[in-house]
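K.L.:
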Amino acid sequence: MSDGPLLTEAELRGLDRLRIIRRRPSSTENPGDWRTGRVGSGALFADHRDYVAGDDLRYVDWNVYARLGDLVVKRFETEENLELTICVDRSLSMAGAKSRAARRLAAALGYIALGRLDHVRLAWLPTLRPLPVSTHRGKGRAGALLDALASTPDEGRTAHGQDVARILSLTKRRGLAVVLSDFYEPQNLVSGLAGLRARGMDVVALHVLDTDDVDLPLGDSLLAIDRESGAEVKIDVTRAFLDSLRATWHRRADALERWCVQREILYQRMEVHTPLWDVLAEMLGRGITVGKAT
């Protein structure tokens, strides 16, 4: 991997002010520091609803009744521990800028979650042997998580379906799964996402893109080598070839996004040159995973 820490001290201090938010109710029963969206008798006020006969009078908002004469009941949002699985693509097609960008964002999400006592599972695609998943909990484990993200080499070929099956064999809880990948898989780029969704997990697909992949020098003759398969092909970089390459690149991303939307998988493109904070801000704007800590 690249030299230098994935996250600076200033970035870590900024991340301390964030938290992971999952929009759907969770299946976990552990109390914790995670707002789930499930309404009940928890600690965080959510909203009001009209009183109906039989409601517990302890939850009537008597201040509203005194001011407006409306009989309403307070509703609360429960808090739970987040079960976060971060799947990071380390195949050879990711080597370079894509790998660094993916690992920085994975480090940021993991650090945020650990600071809130959430469970973080780090899984690699391709998986590591003998253990495909490392489990972390508590801020004291942040150093180990960041070290693993910084030091694990990029190697191997993409086989997300097979790798996700190994990961799920060791993951009993559902929770939230975040996949960071360029989704370069000629046979079936959605197989891993489909496996996670079939398990009942909420899934976020972060599509790591590098415009340099399709920014070839016009007029040159090149020997292109597939990093994963080693296949070679000679290319004359004409204007027509570049236009076709870029159009195919965009169509592939658009097709993946449509597939995700149809299956309630949250999808976001992440260009490698976009600053980390801009990526996090876009995630917040889309309501995907990060929000201000309360």
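For the sequence shown, the numbering used here gives the first residue as 1, with consecutive numbering after it.
Backbone N, C-alpha and C define an ideal beta-carbon position, used for all residues, glycine too.
1) Do LEU114 and ARG141 have their C-beta atoms within less than 7 Å of each other?
2) What did DSSP end up calling ASN30 once you bin it into helix, strand or coil?
3) Could you tell me if LEU176 is buried or exposed, where buried requires 16 or more neighbouring beta carbons within 10 angstroms of its beta carbon?
4) Near PRO31, what residues of its chain come up, given a Cβ to Cβ distance below 6 Å and the 5 sequence neighbours on each side ignored?
5) Check whether the region 208-221 touches the region 94-107, taking contact to mean three or more Cβ pairs, one atom from each stretch, closer than 8 Å.
6) For TYR65, does the count of other Cβ atoms within 10 angstroms reach 16, so buried, or fall short, so exposed?
7) If we count Cβ pairs, one from each stretch, closer than 8 Å, do we get three or more for the region 256-265 versus the region 232-244?
8) Measuring alpha carbon to alpha carbon, tell me which residue in ARG104, GLY219, ARG199 is nearest VAL279.
9) Just checking, does the region 185-195 make contact with the region 136-152 on the three C-beta pairs under 8 Å criterion?
10) How should ASP118 be labelled, buried or exposed, when 16 other C-beta atoms within 10 angstroms of its C-beta is the threshold for buried?
11) Work out the CA separation of LYS172 and GLY200 for me, nearest whole Å.
12) May I ask which residues mark the beginning and end of the beta strand (DSSP E) holding ALA123?
13) Is the separation between the beta-carbon of GLU163 and that of MET94 shorter than 7 Å?
14) So, under 8 Å CB-CB, ILE167 and PRO132 are touching, yes? Tell me the CB distance rounded to an integer number of Å.
15) Rounded to whole angstroms, what is the Cα-Cα separation between LEU15 and LEU71?
16) Spatial neighbours of ILE225 within its chain, please: C-beta separation below 6 Å, excluding the five flanking residues on both sides.
17) Which same chain residues end up closer than 6 Å to SER191 when comparing Cβ atoms and leaving out the 5 residues on each side of it in sequence?
18) Under 7 Å, do ALA205 and LEU196 count as touching if we go by C-beta distance?
19) For the candidate residues ALA123, ARG174, HIS273, VAL178, whose alpha-carbon lies nearest to that of THR152?
20) Are there 16 or more other CB atoms within 10 angstroms of the CB of SER91, so buried, or fewer, so exposed?
21) Can you determine whether any heavy atom of the ligand FAD sits closer than 6 Å to the C-beta of THR135, and answer yes or no?
22) Alpha carbons only, please: which of VAL88, ASP56, LEU82, TYR111 is nearest the one belonging to GLU11?
23) Might you give, ordered along the chain, the residues of its own chain that have their beta carbon closer than 7 Å to the beta carbon of ASP55, omitting 5 neighbours on each side?
24) Look up ARG49 in the DSSP assignment and say whether it is helix, strand or coil.
25) Please classify ASP254: is it buried, with 16 or more other beta-carbons within 10 angstroms of its beta-carbon, or exposed?
26) What do you reckon, are the CB atoms on VAL203 and LEU218 nearer than 7 Å?
27) Helix, strand or coil for TYR65? Go by DSSP, reduced to three states.
P.N.:
On the basis of the data shown:
1) For the purposes of this step, residue 114 is taken as residue 114 along the sequence shown, with counting starting at 1. For the purposes of this step, residue 141 is taken as residue 141 along the sequence shown, with counting starting at 1. In contact: LEU114 and ARG141 (Cβ atoms closer than 7 Å).
2) Start at 1 with the first residue of the sequence shown, and residue 30 comes out as number 30. Low local confidence applies: a pLDDT of 43 at ASN30 is under 50, so the model's placement there is unreliable, with the coordinate-based value given in what follows. In the structure shown, ASN30 sits in coil (DSSP, three-state: anything other than H, G, I, E or B).
3) Translated into positions along the sequence shown, residue 176 becomes position 176. LEU176 is buried by the Cβ-count criterion.
4) As a position in the sequence shown, residue 31 is number 31, starting the count at 1. Because PRO31 carries a pLDDT of 41, less than 50, the predicted location of this residue cannot be relied on, and the following value inherits that uncertainty. Once the five neighbours on either side are set aside, PRO31 has no close Cβ partner at all.
5) yes
6) Position 65 of the sequence shown holds residue 65. Flag for TYR65 reads exposed.
7) At 8 Å Cβ cutoff, the stretches do not touch.
8) Working through the sequence shown from its first residue, we reach residue 279 at position 279. The shortest Cα separation from VAL279 among ARG104, GLY219, ARG199 belongs to ARG104.
9) no
10) As a working mapping, residue 118 is identified with position 118 in the sequence shown. Buried: at least 16 other Cβ atoms inside 10 Å.
11) Here residue 200 refers to the residue found at position 200 when the sequence shown is read from its first residue. Here residue 172 refers to the residue found at position 172 when the sequence shown is read from its first residue. For GLY200 and LYS172, the distance between alpha carbons rounds to 11 Å.
12) Residue 123 sits at position 123 when you count from the first residue of the sequence shown. Per DSSP, ALA123 belongs to the beta strand (DSSP E) from 119-125.
13) To locate residue 163, count along the sequence shown from 1; it is residue 163. To locate residue 94, count along the sequence shown from 1; it is residue 94. Checking the sequence, you will find Asp at residue 163 rather than Glu. Going by C-beta atoms, ASP163 is not nearer than 7 Å to MET94.
14) For the purposes of this step, residue 167 is taken as the residue at position 167 of the sequence shown. For the purposes of this step, residue 132 is taken as the residue at position 132 of the sequence shown. Yes, they are in contact, since the Cβ atoms of ILE167 and PRO132 sit about 5 Å apart, within 8 Å.
15) Against the sequence shown, residue 15 aligns to sequence position 15. Against the sequence shown, residue 71 aligns to sequence position 71. Roughly 41 Å between the two C-alpha positions.
16) On the sequence shown, position 225 is the one that residue 225 refers to. Hits under 6 Å: GLU232.
17) The residue given as residue 191 occupies position 191 in the sequence shown. Short of 6 Å from the beta carbon of SER191, and not among the five residues preceding or following it, lie these beta carbons of its own chain, in chain order: HIS160, GLY161.
18) Position 205 of the sequence shown holds residue 205. Position 196 of the sequence shown holds residue 196. No. Outside cutoff.
19) On the sequence shown, residue 152 is found 152 positions in, with the first residue counted as 1. Comparing Cα-Cα distances from THR152 to each of ALA123, ARG174, HIS273, VAL178, the minimum goes to ALA123.
20) Here residue 91 refers to the residue found at position 91 of the sequence shown. Buried is the call here.
21) No copy of the ligand FAD occurs in the structure displayed, which carries no ligand at all.
22) In the sequence shown, the residue the question calls residue 11 occupies position 11. Cα-wise, what sits closest to GLU11 is TYR111.
23) One-based indexing of the sequence shown puts residue 55 at position 55. Hits under 7 Å: VAL73.
24) Numbered from 1 along the sequence shown, position 49 holds the residue referred to as residue 49. Residue state, collapsed to three classes: strand.
25) The sequence position of residue 254 within the sequence shown is 254, counting from 1. By the neighbour-count rule (16 or more Cβ atoms within 10 Å), ASP254 is not buried but exposed.
26) By 1-based counting over the sequence shown, the position of residue 203 is 203. By 1-based counting over the sequence shown, the position of residue 218 is 218. No, the pair does not count as a contact, with Cβ atoms beyond the cut-off.
27) For the purposes of this step, residue 65 is taken as residue 65 along the sequence shown, with counting starting at 1. In the structure shown, TYR65 sits in a helix (DSSP, three-state: H, G or I).
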